[in-house]
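In this note's numbering, the protein residues as written are 450 to 660. Idealized CB from N, CA, C, for every residue including glycine. Keep in mind that this is a model prediction, so the values were computed, not measured. A short worksheet on the structure shown next.
Next comes the structure, spelled out in structure tokens:
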């Protein structure tokens, strides 16, 4: 899902950069208002975990593979804004160190995986968690939002490729969303396993707004 250089036209990647820079600034401001002593080391640990986890790919079908996106995982533990910052840091490091995703496309990648993945995923998770309640709501909300975050982010890539003239929307959408609907299952399973483990050993680490 990491878009490389050359796939997006300037009329796509330039606005995405502006949105992402402004969005990260907003996330930093919101995070500073709720920053607690435990959050700083936890953000570092979460960034390192997701960075390492994204290096591990699991097979999907037809020779394709996928890896953990981690947006919902970070948001459920850190909150949506801190989670978005963590994913943005991971994406930036991967771009600069491993050239995983292009520099011009970094803004779009942050928008797709950090904002849509972490913040958008958290909004869905929070609605489901409140409806169901208790730990069951946390797990079910985590699973559904993790899957949706991958599908929505990949669909956004299809839109961006279409706007750039790289691939027709009718081709890009099923190609991206179809494969990532399967990858999203792996995302949901991994995220639920991690959150389920945290609920058993350190339930206080689950982010709850206002607490």
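Are residue i and residue j close, meaning C-beta to C-beta below 8 Å?
i, j, result
"residue 499", "residue 517", "yes"
"residue 603", "residue 504", "no"
"residue 578", "residue 587", "yes"
"residue 637", "residue 595", "yes"
"residue 542", "residue 473", "no"
"residue 613", "residue 457", "yes"
"residue 598", "residue 550", "no"
"residue 633", "residue 608", "no"
"residue 493", "residue 635", "no"
"residue 495", "residue 467", "no"
"residue 589", "residue 576", "no"
For residue i, name the three-state secondary structure that DSSP assigns.
i, result
"residue 661", "Nothing about residue 661 can be reported from this structure: the residues present for the chain run from 450 to 660 only."
"residue 640", "helix"
"residue 603", "helix"
"residue 552", "coil"
"residue 453", "coil"
"residue 421", "Shown here, the chain extends from 450 to 660; a query on residue 421 therefore has no answer."
"residue 575", "helix"
"residue 582", "coil"
"residue 649", "helix"
On a CA-only basis, which of the options is nearest residue i? Give me that one, please.
i, options, result
"residue 465", "496, 555, 636, 601", "555"
"residue 540", "532, 529, 559", "559"
"residue 471", "484, 557, 552", "557"
"residue 651", "550, 529, 496, 491", "491"
"residue 583", "657, 617, 640", "657"
"residue 453", "654, 506, 606, 640", "606"
"residue 484", "564, 529, 591, 621", "529"
Mind checking which residues open and close the alpha helix (DSSP H) that includes residue i?
i, result
"residue 547", "529-547"
"residue 479", "459-483"
"residue 497", "488-502"
Report the CB separation of residue i from residue j in whole angstroms; it is logged as a contact under 8 Å.
i, j, result
"residue 574", "residue 525", "6 Å"
Within 7 Å: the Cβ of residue i and any heavy atom of the ligand GDP?
i, result
"residue 597", "The ligand GDP is not part of this structure, which contains no ligands at all."
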